[in-house]
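J.:
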Amino acid sequence: MMSGTVQALAHPLRLSLCEIEYAGNKQLLTINLKLFLTDVNEALVFDPYSKELAFCQPNESSKANELLLDYLDQFFYVKANMQVVDLRIKSKKLSGEGENTALWVYFEIKQTTPLKTLEVKNAVFTDLFFDQNNIVYVHVNGESKSMMLNKKTPVHQLKF
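Structure follows, in structure tokens:
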């Protein structure tokens with residue numbers, strides 16, 4: 404018989420959030436990506452607690468955006484009407500604190516043709532964590548849909 408106390412180990416929630424919105428009247432596709440900062444640092448500089456890139460700080464590394472976009476190019480894309488959209492960071496910000504600090508990355512893309520299909524690949528951090536889940540919310544002209552993407556199912560296509 405085993406005696407003693409078994410202590411439950413905390414297990415972090417492996418999650419990212421992406422919100423995509425298309426406003427046909429504005430001909431604009433917006434993408435908001437919420438990534439936990441420790442996961443971003445782990446993926447980019449192999450140290451979850453690194454201060455090297457200093458996202459959204461006065462001393463932010465000149466390579467921070469480039470490294471982030473290089474990583475996203477491998478694990479994230481959005482195709483509007485079967486064409487990959489060009490991701491250029493419009494803005495970013497930090498929210499939360501400590502382990503819960505999140506990096507929000509905002510993209511705006513001019514979408515001049517009506518949106519008929521939207522394909523999303525969101526496999527961020529699936530190279531690091533087997534249990535990573537990536538929630539994607541899509542809002543197109545008042546219609547909302549959601550999807551859960553992960554290592555096993557990293558891509559999904561919607562038709563409008």
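Heads up: the sequence shown begins at 404 in this note's numbering, then just goes up one per residue. Where is the CB? At the ideal position from N, CA and C, for every residue including glycine. Just so you know, these numbers come straight off a predicted model, no measurement behind them.
With DSSP run on the structure shown, which of helix, strand or coil describes N444?
T.: Counting from 1 along the sequence shown, the entry for residue 444 is found at position 41. The answer is helix: DSSP assigns N444 an H, G or I state.
J.: With the cut-off set at 9 Å, would you say L518 and Y425 are in Cβ contact?
T.: Locating residue 518 in the sequence shown gives position 115, counting from the first residue. Locating residue 425 in the sequence shown gives position 22, counting from the first residue. Contact: yes.
J.: Judging by CA-CA distance, which residue of S498, L552, T504, R491 is the nearest neighbour of D476?
T.: If you number the sequence shown from 1, residue 476 lands on position 73. Checked all of S498, L552, T504, R491; the closest Cα to D476 is R491.
J.: Which residue comes first and which comes last in the alpha helix (DSSP H) that contains L475?
T.: Numbered from 1 along the sequence shown, position 72 holds the residue referred to as residue 475. L475 -> alpha helix (DSSP H) spans 467 to 478.
J.: Classify L531: buried if its beta carbon has 16 or more other beta carbons within 10 angstroms, exposed otherwise.
T.: What you label residue 531 is simply residue 128 of the sequence shown in a count that begins at 1. Exposed, by the Cβ-count rule.
J.: My understanding is that N544 touches T529, with C-beta atoms under 8 Å, so please give their C-beta distance in whole angstroms.
T.: On the sequence shown, position 141 is the one that residue 544 refers to. On the sequence shown, position 126 is the one that residue 529 refers to. Their Cβ separation, rounded to whole angstroms, is 31 Å, which puts N544 and T529 out of contact at 8 Å.
J.: Specify the secondary structure class of N503 as computed by DSSP and reduced to three states.
T.: The sequence position of residue 503 within the sequence shown is 100, counting from 1. Correct three-state label for N503: helix.
J.: Would you mind giving the Cβ-Cβ distance between L431 and Q486, rounded to the nearest angstrom? I have them listed as a contact below 8 Å.
T.: One-based indexing of the sequence shown puts residue 431 at position 28. One-based indexing of the sequence shown puts residue 486 at position 83. Between Q486 and L431 the Cβ distance is about 16 Å, and since that is not below 8 Å, they are no contact.
J.: Which residues bound the beta strand (DSSP E) around V459?
T.: The sequence position of residue 459 within the sequence shown is 56, counting from 1. For the record, residue 459 in the displayed sequence is Cys; it is not Val. C459 -> no beta strand (DSSP E), and no H or E assigned at all.
J.: Measuring straight from C-alpha to C-alpha, what distance separates N444 and F478?
T.: The residue given as residue 444 occupies position 41 in the sequence shown. The residue given as residue 478 occupies position 75 in the sequence shown. Between N444 and F478, the C-alpha separation is close to 15 Å.
J.: Would you call the CB atoms of E537 and S419 closer than 9 Å?
T.: Counting from 1 along the sequence shown, the entry for residue 537 is found at position 134. Counting from 1 along the sequence shown, the entry for residue 419 is found at position 16. Inspection of the sequence shows that residue 537 is occupied by Asn rather than by Glu. In contact: N537 and S419 (Cβ atoms closer than 9 Å).
J.: Roughly how many angstroms lie between the CA atoms of E511 and I434, to the nearest whole one?
T.: Here residue 511 corresponds to residue number 108 of the sequence shown, with the count starting at 1. Here residue 434 corresponds to residue number 31 of the sequence shown, with the count starting at 1. Taking the Cα positions, E511 is about 6 Å away from I434.
J.: By the three-class DSSP mapping on this structure, what secondary structure does A526 have?
T.: On the sequence shown, residue 526 is found 123 positions in, with the first residue counted as 1. It is coil, neither helix nor strand.
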